[in-house]
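There are 2 protein chains.
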Amino acid sequence: MSIDVGARLRGIRTTFGLSQRELARRAGVTNGLISLIEQNRVSPSVSSLKKVLDGVPMSLAEFFTLDLSAPLQTFFARDELVELGNAQVSLRLVAAQRSARQLTILHERYAAGAGTGDEMIVHRGEEGGVVIRGRVELTVGGSARVLGPGEAYYFASQLPHRFRNAGREPCEIISASTPPSF
Amino acid sequence: MSIDVGARLRGIRTTFGLSQRELARRAGVTNGLISLIEQNRVSPSVSSLKKVLDGVPMSLAEFFTLDLSAPLQTFFARDELVELGNAQVSLRLVAAQRSARQLTILHERYAAGAGTGDEMIVHRGEEGGVVIRGRVELTVGGSARVLGPGEAYYFASQLPHRFRNAGREPCEIISASTPPSF
DNA sequence: CCTGCTTGTCCATAATCTTAAACACTCGAG
DNA sequence: CTCGAGTGTTTAAGATTATGGACAAGCAGG
Chain A
133 MSIDVGARLR GIRTTFGLSQ RELARRAGVT NGLISLIEQN RVSPSVSSLK KVLDGVPMSL
193 AEFFTLDLSA PLQTFFARDE LVELGNAQVS LRLVAAQRSA RQLTILHERY AAGAGTGDEM
253 IVHRGEEGGV VIRGRVELTV GGSARVLGPG EAYYFASQLP HRFRNAGREP CEIISASTPP
313 SF
Chain B
133 MSIDVGARLR GIRTTFGLSQ RELARRAGVT NGLISLIEQN RVSPSVSSLK KVLDGVPMSL
193 AEFFTLDLSA PLQTFFARDE LVELGNAQVS LRLVAAQRSA RQLTILHERY AAGAGTGDEM
253 IVHRGEEGGV VIRGRVELTV GGSARVLGPG EAYYFASQLP HRFRNAGREP CEIISASTPP
313 SF
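This is the structure in structure tokens:
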């Protein structure tokens, strides 16, 4: 048995903030079983393990796919964001290292007068964001609007869209889109 | 027990062309156990299932990740390739539907009648490619197909596979595999 | 028709897993 | 300190799984 089922289960349970008894209650098994499994003193039957994981909840596939040796990074320092932009437009990607991302989260910064260009952008998915500094002119479909700090947007990315810094100081946006384009 | 472990195991075993006894011998368990598991008359312990899958070989993660109801596409017609390029650069993506790809690309060429030999190849990872000239007979798991120029393939390398030039002229393939085996 | 080899299934028993209950420990409140 | 409620662990007994062997069916060759 090369796979340490016990350590996996314990790691998952503690990650979810559950006690053995609480997990056992949710799963419909006894707390003793959880204890024994976590100590690798028994190799649970697939049906038992499934019952236990249902209490998390988590699928068997997820359980065995989980890579405990390289836990996914949760927090990212400022310089851990990956810069995708240029001198005028800074696009700093969150969790670029993560392989199976569902979201692209960007910290965007536009110099005065800068923007995404005259060409309208069109791609799949949806995107949204919040302006945190400066004034941004956002054009989506036929309509345009200037957004200031605290204001936000959300639209289907199939609609032609364009960003432009409409002020005299740099502006910043936190944006998110799915599926990942970077 | 919502997951049909028995059917999965049987499907995998037959795909690999193994009898219950042969798999049992490789796995170091009894053939009776294989039979009982496949009939879902027992829910094997994780350690037993691991032993059985080691005889294939296949990991627990792969076993539970396998989607039998919607098998991953193996063959792609010319128009099933997804174009990712533009007017200047054409990028036609193979198996765009499949998430989490990590590929290395090869340009392969087989002389008339040549191939990878009679032995089926089995290794870890995934591989795919495009035929650009000639005709190639590709056998993957139980199924075989002759692919011509513009057609493509993509499959998990754990499935026994074999390439053979099925035509009278040399054939060429642009292929990709992961992790790099050569 | 046999013989020999293969296949998958089934059964009694041995081995293992699961339960229920008790145990020891920690922590905070009274 | 003492109590209560929480934690994880342990153990014996009951439930389930795994084994080793027997069984019937299918197939190829003599």
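Sequence lines, in order, name chains A and B.
Mapped onto our numbering, the consecutive letters of the first sequence carry residue numbers 133 to 314.
Mapped onto our numbering, the consecutive letters of the second sequence carry residue numbers 133 to 314.
Every residue gets a Cβ at the ideal spot worked out from N, C-alpha and C, and that includes glycine.
Should the region 242–253 of chain A be called in touch with the region 134–145 of chain B, which here means at least 3 C-beta pairs below 8 Å?
no
Verify the CB distance criterion: does residue 248 of chain B have a CB-CB separation below 7 Å to chain A?
no
Jot down the residue ranges of each uninterrupted alpha helix (DSSP H) in the region 149–179 of chain A, minimum 4 residues, whole runs only, in chain order.
152–159, 163–170
Roughly how many angstroms separate the alpha carbons of residue 286 of chain A and residue 166 of chain A, rounded to a whole number?
44 Å
The beta strand (DSSP E) spanning residue 271 of chain B covers which residue range?
268–272
Would residue 175 of chain B pass as an interface residue toward chain A - the criterion being a Cβ-Cβ separation below 7 Å?
yes
Indicate, with yes or no, if the ligand HEM has a heavy atom lying under 6 Å from the CB of residue 299 of chain B.
For the ligand HEM, the structure offers nothing, since it holds no ligand at all.
Determine which residues of the region 135–147 of chain A have a Cβ less than 8 Å from any Cβ of chain B, and write them out in chain order.
135, 137
Where does residue 301 of chain B sit, in a helix, a strand or coil, going by DSSP?
coil
Answer yes if the region 186–195 of chain B comes into contact with the region 151–170 of chain B, meaning at least three C-beta pairs across the two stretches below 8 Å, and no otherwise.
yes
Name the two residues that bound the continuous alpha helix (DSSP H) containing residue 144 of chain B.
137–147
Expressed to the nearest angstrom, what Euclidean distance is found between the alpha-carbon atoms of residue 284 of chain B and residue 297 of chain B?
15 Å
CB contact check: residue 165 of chain A to chain B, cutoff 7 Å:
no
At 9 Å on the CB atoms, spell out the chain B contacts of residue 162 of chain A, in chain order.
Within 9 Å Cβ-Cβ: nothing; residue 162 of chain A doesn't reach chain B, min ~17 Å.
Between the Cα of residue 276 of chain B and the Cα atoms of B:265, B:295, B:266, which residue gives the shortest distance?
B:295
Comparing the C-beta of residue 197 of chain B with each C-beta of chain A, is any distance below 7 Å?
yes
Interface residues of chain A around residue 178 of chain B at Cβ under 7 Å?
137, 175, 176, 178, 181
Kindly indicate the opening and closing residues of the alpha helix (DSSP H) around residue 193 of chain A.
192–197
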